[in-house]
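These protein sequences, in sequence, are chains A and B. The first sequence begins at 1 in the numbering used here and counts up by one. The second sequence begins at 1 in the numbering used here and counts up by one. Positions of the beta carbon are idealized from the N, C-alpha and C atoms, including for glycine. In this text the structure is predicted, and so the values were computed from the model without any measurement.
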Amino acid sequence: MELLAPGALCRDGFLGDDHRGLAEILDTDRAAVEALGLTHRDIAGALDTACRAAIAGLEAPVHLPGGNLVAQFHDAMGVIPSPWGEGKLFAKGEVVVTDAATEERLIYTPLSVHLIGEHGFYEGRGSPYRIEPAKVARMFGLGKHPNDSDTTSE
Amino acid sequence: MIPVLPIILAATAACAVTTSLAAVLLLAERYLVKYGKCKLDVNSGDRLIEVKGGKSVLESLKGEGIFIPSACGGRGTCAYCKLKITEGGGPVAPTELALLTEQELADNVRITCQVKVRNDMSLLVPEHLLSAGEYRGVVERITDLTHDIKNLRIRLTEPERIKYRPGQYIQLEAPAYGDNPEAVYRAYSMSSMPDEDNCIELIIRLVPGGICTTWVFTMLAEGDEVRFNGPYGDFHLSETDREMVWIAGGSGMAPFWSMVRHMAAHGIARKTTYFFGAVRAADLFLLDELRKLDDQHEWFTFVPALSAPADEDKWYGETGLITDVVGRHVPDGSQAEVYLCGSPGMVDAAGRVIEAKGIPPERVFFDKFG
Numbered sequence: 001m002e003l004l005a006p007g008a009l010c011r012d013g014f015l016g017d018d019h020r021g022l023a024e025i026l027d028t029d030r031a032a033v034e035a036l037g038l039t040h041r042d043i044a045g046a047l048d049t050a051c052r053a054a055i056a057g058l059e060a061p062v063h064l065p066g067g068n069l070v071a072q073f074h075d076a077m078g079v080i081p082s083p084w085g086e087g088k089l090f091a092k093g094e095v096v097v098t099d100a101a102t103e104e105r106l107i108y109t110p111l112s113v114h115l116i117g118e119h120g121f122y123e124g125r126g127s128p129y130r131i132e133p134a135k136v137a138r139m140f141g142l143g144k145h146p147n148d149s150d151t152t153s154e
Numbered sequence: 001m002i003p004v005l006p007i008i009l010a011a012t013a014a015c016a017v018t019t020s021l022a023a024v025l026l027l028a029e030r031y032l033v034k035y036g037k038c039k040l041d042v043n044s045g046d047r048l049i050e051v052k053g054g055k056s057v058l059e060s061l062k063g064e065g066i067f068i069p070s071a072c073g074g075r076g077t078c079a080y081c082k083l084k085i086t087e088g089g090g091p092v093a094p095t096e097l098a099l100l101t102e103q104e105l106a107d108n109v110r111i112t113c114q115v116k117v118r119n120d121m122s123l124l125v126p127e128h129l130l131s132a133g134e135y136r137g138v139v140e141r142i143t144d145l146t147h148d149i150k151n152l153r154i155r156l157t158e159p160e161r162i163k164y165r166p167g168q169y170i171q172l173e174a175p176a177y178g179d180n181p182e183a184v185y186r187a188y189s190m191s192s193m194p195d196e197d198n199c200i201e202l203i204i205r206l207v208p209g210g211i212c213t214t215w216v217f218t219m220l221a222e223g224d225e226v227r228f229n230g231p232y233g234d235f236h237l238s239e240t241d242r243e244m245v246w247i248a249g250g251s252g253m254a255p256f257w258s259m260v261r262h263m264a265a266h267g268i269a270r271k272t273t274y275f276f277g278a279v280r281a282a283d284l285f286l287l288d289e290l291r292k293l294d295d296q297h298e299w300f301t302f303v304p305a306l307s308a309p310a311d312e313d314k315w316y317g318e319t320g321l322i323t324d325v326v327g328r329h330v331p332d333g334s335q336a337e338v339y340l341c342g343s344p345g346m347v348d349a350a351g352r353v354i355e356a357k358g359i360p361p362e363r364v365f366f367d368k369f370g
């Protein structure tokens, strides 16, 4: 898709240095999400909750309830359209979610939440806002984890 | 038994023929079709323009000095460039359908970057867009205001003067560079005073991954030529004498820095309280200048606030979210006007506080950062 390329809607585009086709990127991430026992909407829901809390914090760090996660929104001027072309606009700016215990960080945008929830698109590898489904699941405590081994297979 | 292979072959052949025909039609339209001259009637005869057909309405108007704001550079994704095309617009393209409401479709509103000029047309352009023009200038000075906010001062070269109202904005052109194949335009409020009409100043905050701000922060240098168009916008001081409450954060400072100096220079002594929010002391700027104006003018009060000051900030001023600070300082705003400039989150949150203070929506003016 032309709008995913660098310079179309944002400097770096949405595909990074990923040489796979869009269909393969979507398929691989869908399989990863299913392996976690989750849906794209589960992932987007967790990211959206953190995003809304961060935006309400007006750039100050906000502790998310029930864990070690801290969310902070870095405002930016303007809006960015969805590259899927539905005519929806999203505030620019990025959400940084940090696990205060491990210092693991997740950086995404309000547009990322839409792309994941509506299109199952986590961006290509090397894209600045590429999100690994497993990382979201781990940080937010969602779904099955590698340590949750299936005892029946042992 | 049904023969599968011939069916697959037939379907493949049909797809190939359809695709080829579509490609031929697109190429033919691009290279062979000559539309000739077309007349655009803007605002019922106010302005009659003759353009060469074949380009989009957005591009054609731009070529005639009528700049319709667009956030996606004519790619049909932002829906900013909507105008009413009352005659000659032709059928609505599928790319427009997702961007228009039923009411807009009924009102002949179109996405002008997706409508080609193929014949004479009549269209309605808002008056404030007709007064905008294209300008060239030279970057006179670039100053760091914070770690991620710069002040850009542009001296005009052609034309050499600009007329605008404090609070209005321009669209700055970032030329093609790197992987960015074409110029893009981004909107910035002017922070300068209209009296100094041979230059403009902009307060620009770095947008991570932003095409225009990356260019400003990493490539643009003093002495470089720049282009912009404008002025645009209806975010400016009203004509009343009502008390004003201003609320801003980050680069939302720009219109207010223009307004307060304009008021001081012209003896406009409307009681004004300006709330400016930041996270840490390092995010504040123009603090000394605004405090000086506060000292000099009884009508002006400046209230900076930090939401998460650290010990090393040595901050003794207001603390908390700027919306909470407004809540504490404005006991009754029922007679006031409110002006908001900042991120959508800030404007929405401030809007809720303002509503609770009894200020009617018609007296709340905002610039939501695009």
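Beta-bridge pairing of residue i - partner residues as DSSP gives them
i: B/Gly277; result: B/Gly249 and B/Ala305
i: B/Gln133; result: Correcting the residue type first, residue 133 of chain B is Gly in the shown sequence and not Gln. B/Gly133 pairs with B/Gly230.
i: B/Pro139; result: Contrary to the premise, residue 139 of chain B reads as Val rather than Pro in this sequence. The partner list for B/Val139 (beta bridge, DSSP) reads B/Ile154.
i: B/Ser122; result: B/Asp41 and B/Glu87
i: B/Leu48; result: B/Asp41
i: B/Thr146; result: B/Ile149
i: A/Lys144; result: Bridge partners of A/Lys144: none, in fact.
i: B/Phe300; result: B/Thr272
i: B/Arg165; result: BP columns for B/Arg165 are empty, so no partner.
i: A/Arg20; result: Paired residues: none, contrary to the question.
i: B/Val109; result: B/Lys84
Where residue i falls: helix, strand or coil (DSSP)
i: A/Ser153; result: Interpretation of A/Ser153 is limited by its pLDDT of 35, a score under 50 that renders its predicted location unreliable; the figure taken from the coordinates is listed afterwards. Helix, per DSSP.
i: B/Leu152; result: strand
i: B/Lys292; result: helix
i: B/Gly370; result: Confidence at B/Gly370 is low in this model, with a pLDDT of 49, below 50, so its placement is unreliable and the value that follows should be read with caution. Correct three-state label for B/Gly370: coil.
i: B/Val42; result: strand
i: A/Met139; result: helix
i: B/Ile354; result: helix
i: B/Thr101; result: coil
i: B/Thr95; result: helix
i: B/Val364; result: strand
i: A/Asp27; result: helix
i: B/Ser258; result: helix
i: A/Val33; result: helix
i: B/Val115; result: coil
i: B/Met244; result: strand
i: A/Glu132; result: coil
i: B/Ala264; result: helix
i: B/Asp283; result: helix
i: A/Met1; result: coil
Residue i beta carbon near the ligand MN (any heavy atom closer than 7 Å)
i: B/Arg110; result: With respect to small molecules bound, the structure shown includes none, and the ligand MN cannot be examined in it.
Using a Cβ-Cβ cut-off of less than 8 Å, give me the residues of the region 306-331 of chain B that come near chain A, in sequence order.
Ser307, Ala308, Leu321, Ile322 and Thr323
Pull out every residue of the region 89-109 of chain A whose Cβ sits closer than 7 Å to any Cβ of chain B, in chain order.
Leu89, Ala91, Lys92, Gly93 and Glu94
Check each residue of the region 170-185 of chain B: if its Cβ is closer than 7 Å to any Cβ of chain A, include it; give the result in chain order.
Asp179, Asn180 and Pro181
Any residues in the region 203-233 of chain B with a beta carbon nearer than 7 Å to a beta carbon of chain A? Which ones, in chain order?
Arg205, Val207, Pro208, Gly209, Gly210, Ile211 and Thr214
Would you mind listing the alpha helix (DSSP H) stretches within the region 92-120 of chain A that are 4+ residues and don't spill past its ends, in chain order?
The qualifying runs are 110-119.
Write down every uninterrupted run of the alpha helix (DSSP H) in the region 39-96 of chain A whose length is 4 residues or greater and which is fully enclosed by it, in chain order.
Secondary structure within the region 39-96 of chain A: the alpha helix (DSSP H) runs of 4 or more consecutive residues, fully enclosed, are 40-56 (chain order).
So, do the region 229-249 of chain B and the region 269-279 of chain B have three or more beta carbon pairs nearer to each other than 8 Å?
yes
Can you give me, in chain order, the residues of the region 55-83 of chain A that have a beta carbon less than 9 Å from any beta carbon in chain B?
Answer in chain order: Ile55, Ala56, Gly57, Leu58, Glu59, Ala60, Pro61, Gln72, Phe73, His74, Asp75, Ala76, Met77, Gly78, Val79, Ile80, Pro81, Ser82 and Pro83.
Give the residues from the region 100-118 of chain B that approach chain A closer than 9 Å (Cβ to any Cβ), ordered along the chain.
Leu100 and Ile111
Cβ-based contacts, 7 Å cut-off: residues of the region 279-303 of chain B near chain A:
Closer than 7 Å at the C-beta level to chain A, one finds these residues of the region 279-303 of chain B: Val279.
Counting only runs of 4+ residues fully inside the region 170-233 of chain B, write out the alpha helix (DSSP H) ranges in chain order.
211-218
Could you give the uninterrupted runs of the alpha helix (DSSP H) lying entirely in the region 57-93 of chain B, keeping only those of 4 residues or more?
Taking only runs of at least 4 residues, the alpha helix (DSSP H) segments lying wholly in the region 57-93 of chain B are 57-63.
Identify every run of the beta strand (DSSP E) within the region 306-341 of chain B, keeping only runs that are complete inside it and at least 3 residues long; order them along the chain.
337-341
Could you run through the region 59-78 of chain B and flag, in chain order, every residue whose CB is less than 9 Å away from some CB of chain A?
Ala71, Cys72, Gly73, Arg75, Gly76, Thr77 and Cys78
Can you confirm whether the region 187-206 of chain B touches the region 156-173 of chain B when touching is taken to mean that 3 or more C-beta pairs between the two stretches lie within less than 8 Å?
Yes, the region 156-173 of chain B touches the region 187-206 of chain B.
Along the region 240-265 of chain B, where does the CB come closer than 7 Å to a CB of chain A? Name the residues.
Answer set for the region 240-265 of chain B: Gly249, Gly250 and Ser251.
Positions along the region 342-366 of chain B whose CB lies within less than 8 Å of some CB in chain A
Gly342, Ser343, Pro344, Gly345, Met346 and Ala349
When you check each C-beta in the region 124-143 of chain A against every C-beta of chain B, which residues fall closer than 7 Å?
Pro128
Under 8 Å (Cβ pairs) to chain B, residues found in the region 3-19 of chain A:
Leu3, Ala5, Pro6, Gly7, Ala8, Leu9, Cys10, Arg11, Asp12 and Gly13
Spell out a yes or no on whether the region 116-129 of chain A and the region 12-19 of chain A are touching, meaning 3 or more CB-CB pairs, one atom from each, closer than 8 Å.
yes
Decide yes or no for the touch test of the region 286-294 of chain B against the region 211-231 of chain B: beta carbon pairs closer than 8 Å, at least 3 of them.
no
Any contact of the region 77-93 of chain B with the region 106-116 of chain B, i.e. 3+ C-beta pairs under 8 Å?
Output reads yes: the region 106-116 of chain B touches the region 77-93 of chain B.
On the three-pair Cβ rule with 8 Å, is the region 53-65 of chain A touching the region 51-60 of chain B?
no
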